[in-house]
Structures are given as structure tokens and as C-alpha cells.
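Written below as C-alpha cells is the structure these notes are about.
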Amino acid sequence: MLSIFKKEISVFFGSLIGYIVIGVFLVFTGLVMWVFTDTSILEYSYATMDSLFYLAPTMFLFLIPAITMKSFAEESNRGTLELLFTKPITDNDIVLGKFFANIALVVFAILPTLVYFYSIYQLGAPKGNIDSGAVFGSYIGLVFLAAVFVAIGLFSSSLTNNQVVAFVIAIFLSFFVHWGFDYISKIPVFFGVWDDFIQRFGIDYHYRSMSRGLFDSRDVIYFISLIVVFLLLTNFVLKQKKY
Amino acid sequence: MSVKIHNLTKTYGNQLVLDNISFEVGKSEILGFLGPNGAGKTTTMKIITGSLLPDKGEVSVSGYDVFSDIQEVKKRVGYLAEHNPLYDEMYVKEFLLFIAGVYGVDKKVAKVKEMIELTGLSQEQNKKIIQLSKGYKQRVGLAQVLLNDPEVLILDEPTTGLDPNQLKEIRALIKETGKDKTVIFSTHIMQEVQALCDRVIILNNGKIVADDSIDKLDGYISSNTKSVLVQFDEIVETGLLKMLKSVDSVTLLDSKLIKLEGNDDYLMRKEIFNFAKANDYTILSMYKEDIDVENIFSKLTH
Chain Y
1 MLSIFKKEIS
11 VFFGSLIGYI
21 VIGVFLVFTG
31 LVMWVFTDTS
41 ILEYSYATMD
51 SLFYLAPTMF
61 LFLIPAITMK
71 SFAEESNRGT
81 LELLFTKPIT
91 DNDIVLGKFF
101 ANIALVVFAI
111 LPTLVYFYSI
121 YQLGAPKGNI
131 DSGAVFGSYI
141 GLVFLAAVFV
151 AIGLFSSSLT
161 NNQVVAFVIA
171 IFLSFFVHWG
181 FDYISKIPVF
191 FGVWDDFIQR
201 FGIDYHYRSM
211 SRGLFDSRDV
221 IYFISLIVVF
231 LLLTNFVLKQ
241 KKY
Chain R
1 MSVKIHNLTK
11 TYGNQLVLDN
21 ISFEVGKSEI
31 LGFLGPNGAG
41 KTTTMKIITG
51 SLLPDKGEVS
61 VSGYDVFSDI
71 QEVKKRVGYL
81 AEHNPLYDEM
91 YVKEFLLFIA
101 GVYGVDKKVA
111 KVKEMIELTG
121 LSQEQNKKII
131 QLSKGYKQRV
141 GLAQVLLNDP
151 EVLILDEPTT
161 GLDPNQLKEI
171 RALIKETGKD
181 KTVIFSTHIM
191 QEVQALCDRV
201 IILNNGKIVA
211 DDSIDKLDGY
221 ISSNTKSVLV
231 QFDEIVETGL
241 LKMLKSVDSV
251 TLLDSKLIKL
261 EGNDDYLMRK
271 EIFNFAKAND
281 YTILSMYKED
291 IDVENIFSKL
301 TH
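The listed protein sequences correspond, in order, to chains Y and R.
Quick note: the first sequence uses the working numbering, first residue 1, plus one each step.
Quick note: the second sequence uses the working numbering, first residue 1, plus one each step.
As C-alpha cells, this is what we get:
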């Protein structure tokens, strides 16, 4: 697993993918948080990082499928997946190696935003007037969210040999799991009776709960279960490729 | 026995690709795998390497079953696939280090260096794989296969698309590494089989139609005809040659090159020599034609 992980990381940073993903993420979040007048913290004059955490899921919705789409689709297309299949490693090693490598890339992208936190902390009046608990809850929520999107992306990529198809499937699935249940709960049939129950199936509900700085084990279990489900599905699809 | 295959069957959908085949390959044996495209060669090879699962049958490598001990099997088998899939964007050395890591090789760096030298990649080791020519890519493929010193080497058409020099080098490499390993390789080039293999298996439509050493292969086609090629210095009347006792037929290949066929090539050659002596002809060359694997192949697979 470790050798797959290392190889994936070296491929990300050996090509432009890694730098582009990190660059785009930072430039865009930087602009939204500090420059664009509609959303800038400087204009808003409250010491919060909400704009980052509100924006991040939407950015991940496109960026994460863009980095995961090649994981299995490309390997399967050029036959290197078969190369890995004939080596003494299990399918789990391959899936987990890729999973953690993709998460590591996303964490690399998120880490520099801690500078934003430090800046806001220093700019607060009085200094440090920011809800640090909520910010760190949000960061943890963000990493979990990214992990779910990565798992969905890997699963989508394993379904096809075509990267574009993998990209589109991943965006659709991620969107549906994140916001879809929220929208469904608003359908009049469910509204007022089942809406809370249905919302709990979506990521948004749990992500928002974590963003409040509330560390609830139910949210953690929800995220981990989703990740495990999609990784197991990926593993299952890989096995089918051997028949 | 290093590789044992017993009653192996594989279907893709409705198509029967391997029909109950069985064979065994021993240690330090080089086995040539022949057959027309779609005969099931690659399928058989993939099953031995664990990248494809059979429908039924038993396959074992060095005593380990591919179903129950697949990881043990994979540790002992090196497989070079037909299209030699490689990570194009990686550097040669980086790629080999990655594969060494996957195998869990001890002293990775030293082992990779040794393989780079063995396969003659020293000049190219710091290039990206995508920049290499086909012959060098093939060497990278072989180097990665040999990294963990496998007991069984499985090479699927390892020499396709190489130029004559590369062909020679890769063949020499296979022969060299095959000394203490079991090698199974498939090819379409008949001379290669004759140059490298101790034994040949010919597959057709998922069945084994021949399994023997090369010099016994002609037993598989009904005729027992041997042929002798003679080059005379003069034009010789073919009618006279036909009268020799051991000769059944005479074909004029060129004005002075004659092909004679009969049951006993030893007797034929002796008689031809005496014939030339008696009639004062000069024989420039005379030789027994080698077993025509190509001919046997086309007869067995049609």
C-alpha cells in the first residue's frame, strides 16, 4: 500500500496535476475571502472563515473528481492496472494507496489556508476574536468531506476506461450525496414529516453540524461509513475486472 | 514441477476460450507457446499470473494454488504482458524502484542498479519511459519482471516489434535468465521457437493440439517425409535422380538447386553422393532440411 501511495504522490507532483489543483484552490479561495467585495472578510467586518467553508464543498465538487478521474480509468485503459494485478499486492492495497494519496493532495491544498486563519486571528478586534473551535471543527469536516468525495471519485473511475466519463459520474454522485438529499427533503410530500430524516442521509447535514464546532460521533461515523461503502464498491468493481 | 495446470477451462460470455487444457512445466525448462491469434495463449498466461480468474480447473505454481495462495504465486511469477504496460510519465529508475517497493525487495537501490545493468539500460535510466524506443521499453518491462528474481517467467510475445539487433539481444537475455528459471513464452516467430525452446505447446481454439520437444513435432503431422536440398555445380537431369531407390519425389527449385523427398534422409544423402561421384557431378552443398515448424503449425491449426 505504501509503495502505491508513494507512486501516486510522485505522479501528482511529477506532472502538473498536483500544482494546478493546489494553485487553483488557493487562488480561488484567496480571491473570495480577501478580494471580491461581495464576500471579502475585510468588507464584511466580522472575524469568521465561513466564506471559505461555504465555498470549499463547491470547489471540491469539481476539483476532486478532476484528480481522481484518472486513478483507475487511465490505469485500466493503458494496461498498467493489469501490471499491478500481477504483483504481490492485494486489491485493497491498490485502492487504499490511491485513496490516501488523493487525500494527501487535498490536505496539501487545504493546509496553506491556515494562513487565512492566522491572519484573521491577528486582525480581530480584540486580537484573537474568532471562534477557533468552530474553525477547527470545520477543518475536520472539510477533510472528511474531501475523503468522501475522493472515495466517490475512485469508485467512479473504476467503473470506466474513459476519464471524462469518470469525471462526470463523480461530479453527479458527489453532488447527489452532498446536496441531493437536502433537495429531496424539500419536496412537498416529505416536507414537514420526513424532511429531517431524509436530510440526515446527505453530507451537507453532517458537514454543517461539524462546522458549528460540534464534534459529534454520529457525524464521524456517518462520514466513515460513506467512505467505507464507496471503497468497498471500488474493490468490488476491481474484482469484476478479473473475470 | 514449477507450473501445473489441470483441466483448465475459461469462458468469456458464451465463448469458450480454454477447453479443459492440462500441462506441466518443469524447472529450468523453456516452453514455447504457439497458436493463432485468439487460441487462448494470453488467457492461459494471465490465469497463471493471477490477473484473470478461471472458471474451473487447477493451476499451481511451485506448489501454490492460484485460488487459495494467489499472493504466494504472484511472488514467484514474473509476467511481461503483450503490450508491456508501463507508467509512461515515470523515469526508468523511478519506475523500477516503485516496482521493487511493490515486491518488497530488500536493498532496493542495489537490486535496481543490478537489473539496469543486466538489461543494458544504464544509458537510459534517467529518461522518462515515454521517451524510450520500443526496444528499450521492452527492456524496462523485462527488468521490472526480473526484479524479484521470479522462479517462473511468463513472457507474452516479448519480441514483437523489435528490430533484428534488439531481437537478438532480447533472445539472448531470455536464454540467459532462463537457465535457472522456468520460462513460458508465446510468439508468432517460428525461428524463435527453434532457437530458444526445449519444448513447444501449440494451442488451437482453446485446445492443446501438440505438446512435445521441437524435433518430435513432425510426428504430429501424418507424413513422414524428409527432404534434402542439393546444390549442384552443373545442370542435372532430374529424371536420373528420381531413379534413386530412396527418393520419392524431386522438385527443381532453381536450375541447379534440387529438393528431394523420401522417407530416409540418411540413405538419400548417401545415394546422392554416390550418384554424383558416378556421373562426375560436383555437389556444392547438400543438407537435410530442418523440421518445418511453420508447416507443422499451419497444418495443426487449420
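Glycine included, C-beta positions come from ideal geometry on N, C-alpha and C.
Note that the coordinates shown come from a computational prediction; the quantities given were computed from them, not determined experimentally.
Could you pull out every residue in the same chain whose Cβ sits closer than 7 Å to the Cβ of residue i, ignoring the five residues on either side in sequence?
i         : result
Phe60(Y)  : Leu145, Ala146, Phe149
Tyr140(Y) : At residue 140(Y) the sequence reads Ile, which differs from the Tyr that was named. Excluding positions up to five away in sequence, the list reads Met210.
Tyr179(Y) : The sequence shown places Trp at residue 179(Y), not Tyr. The residues are Gly202, Asp204.
Gly50(R)  : Val66, Ile70, Val73, Lys74
Asn204(R) : Gly35, Pro36, Ala39, Leu300, Thr301
Lys98(Y)  : Ile4, Glu8, Ser71, Leu154
Pro112(Y) : Leu26
Thr68(Y)  : Asn102, Val150, Gly153, Leu154, Ser157, Ala170
Ser2(R)   : Val25, Gly26, Lys27, Val61, Ser62, Glu151, Val152, Thr182
By the criterion of Cβ-Cβ separation under 8 Å, what are the contact partners of residue i in chain R?
i        : result
Val11(Y) : Tyr87, Glu89, Met90
Using a Cβ-Cβ distance cut-off of 8 Å, determine whether residue i contacts chain Y.
i         : result
Gly63(R)  : no
Lys74(R)  : yes
Tyr79(R)  : yes
Gly101(R) : yes
Leu52(R)  : yes
Thr160(R) : no
Gln71(R)  : yes
Thr49(R)  : yes
Excluding the 5 residues flanking residue i on each side, which residues of the same chain have their C-beta closer than 6 Å to its C-beta?
i         : result
Ala47(Y)  : Ile120, Gly124, Asn129, Ile130
Leu155(R) : Leu80, Phe185
Ser60(R)  : Lys4
Ile30(R)  : Gly178, Val183, Leu196, Cys197, Asp198
Tyr207(Y) : Gly141, Leu145
Is any beta-carbon of chain R found at less than 8 Å from that of residue i?
i         : result
Ser157(Y) : no
Gly14(Y)  : yes
Thr86(Y)  : yes
Lys98(Y)  : no
Lys242(Y) : yes
Leu154(Y) : no
Leu105(Y) : no
Ile89(Y)  : yes
Whose C-beta lies closer than 8 Å to the C-beta of residue i among residues of the same chain, with five residues either side of it excluded?
i         : result
Glu234(R) : Lys256, Tyr281, Thr282
Glu271(R) : Leu244, Lys245, Ser246, Val247
Gly101(R) : Lys108
Lys242(R) : Ser249, Val250
Gly63(R)  : none
Just to make sure I have the definition right: I need the residues of chain Y whose C-beta is within less than 9 Å of the C-beta of residue i. Which are they?
i        : result
Gly98(R) : In the sequence as displayed, the identity of residue 98(R) is Phe instead of Gly. Per Cβ cutoff of 9 Å: Ser3, Ile4, Lys6, Lys7, Ser10.
Glu94(R) : Lys7, Ser10, Gly14
Name the chain R residues whose beta carbon is nearer than 7 Å to that of residue i?
i         : result
Gly79(Y)  : Ala81, His83, Pro85
Leu238(Y) : Correct list: empty, because the minimum Cβ distance to chain R is about 11 Å.
Glu82(Y)  : Ser51, Ala81, Pro85
I believe residue i touches residue j by the beta-carbon criterion, under 8 Å. Please report the beta-carbon distance rounded to the nearest angstrom.
i         : j         : result
Val145(R) : Ile129(R) : So it is not a contact: roughly 15 Å between Cβ atoms.
Met190(R) : Phe33(R)  : Not a contact, Cβ separation roughly 13 Å.
Phe117(Y) : Val135(Y) : 6 Å
Val17(R)  : Gly206(R) : 5 Å
Val193(R) : Ile170(R) : The Cβ separation is near 15 Å, so there is no contact.
Asp91(Y)  : Lys239(Y) : 6 Å
Gly137(Y) : Phe215(Y) : 6 Å
Val105(R) : Leu173(R) : With 8 Å as the limit, Val105(R) and Leu173(R) do not qualify as a contact, their Cβ atoms being about 20 Å apart.
Gly213(Y) : Gly133(Y) : 4 Å
Enumerate, from N- to C-terminal direction, the unbroken beta strand (DSSP E) stretches of 3 or more residues contained entirely within the stretch 69–140 of chain Y.
-> Segments of the beta strand (DSSP E) lying fully in the stretch 69–140 of chain Y: there are none.
With a floor of 4 residues, list each alpha helix (DSSP H) that falls wholly inside the stretch 165–225 of chain Y, ordered by position along the chain.
-> Given a length threshold of 4 residues, each whole run of the alpha helix (DSSP H) inside the stretch 165–225 of chain Y is given here in chain order: 181–185, 195–199, 203–211.
Alpha helix (DSSP H) runs wholly inside the stretch 156–190 of chain R, at least 4 long, in chain order | Qualifying alpha helix (DSSP H) stretches, in chain order: 164–177.
Just list the beta strand (DSSP E) runs in the stretch 245–300 of chain R, keeping only unbroken ones of 3 residues or longer that don't cross its boundaries, in chain order.
-> The qualifying runs are 249–252, 257–262, 283–288.
Note down, one range per segment and in chain order, each alpha helix (DSSP H) of at least 4 residues found wholly within the stretch 16–94 of chain R.
-> If we require 4 residues or more, the alpha helix (DSSP H) runs fully inside the stretch 16–94 of chain R come out as 41–49, 70–76.
Ignoring anything shorter than 4 residues or poking outside the stretch 118–153 of chain R, list the alpha helix (DSSP H) runs there in chain order.
-> With a minimum length of 4 residues, the continuous alpha helix (DSSP H) runs that stay inside the stretch 118–153 of chain R are 134–146.
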